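Report on the structure given below.
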Amino acid sequence: VYSGDLSADSWIEKEVEALVADGCPKVWVVTSDALEQQLAHGEGALIWSSKRLVKEIKESEKELDEELKETRSTSLQGKLFQHKLKPKVVHALKDLRNKLEEEERRKR
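Residues 161 to 268 (the numbering used here) are what the sequence shown spells out, left to right.
Set out below in structure tokens:
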């Protein structure tokens, strides 16, 4: 944060105070500076360390990736040709493919 004449810490403290005074229900401050954590907490802010923020972002990215994979997987169900075939037929076709691939490898 560029704060002109104020130090970043002073700016954070004033912003927290102003947001709380305006009735903001939750004010989060992310800093690993122990003194700044105490001051911001004293003003009513919820505190996270920088390390915790990075961890939360990584966990959120992982959860989002998993949800996207699941959504893509379920959105294709019933649309692929193999989903329209009986399981026995799919199995037979896979066996045939494997045999053909094996035969092709032997030729090389």
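All C-beta atoms, glycine included, are put in the ideal place defined by N, C-alpha and C.
Just so you know, these numbers come straight off a predicted model, no measurement behind them.
- In this structure, the CA atom of residue 187 is about 18 Å from the CA atom of residue 217.
- Between residue 190 and residue 208 a beta carbon distance of about 5 Å is seen, short of the 8 Å cut, so the two are scored as contacting.
- Per DSSP, the beta bridge partners of residue 206 are 188.
- Residue state for residue 166 is assigned as coil, using DSSP reduced to three classes.
- Distance from the CA of residue 184 to the CA of residue 200, rounded to the nearest whole angstrom, comes to 14 Å.
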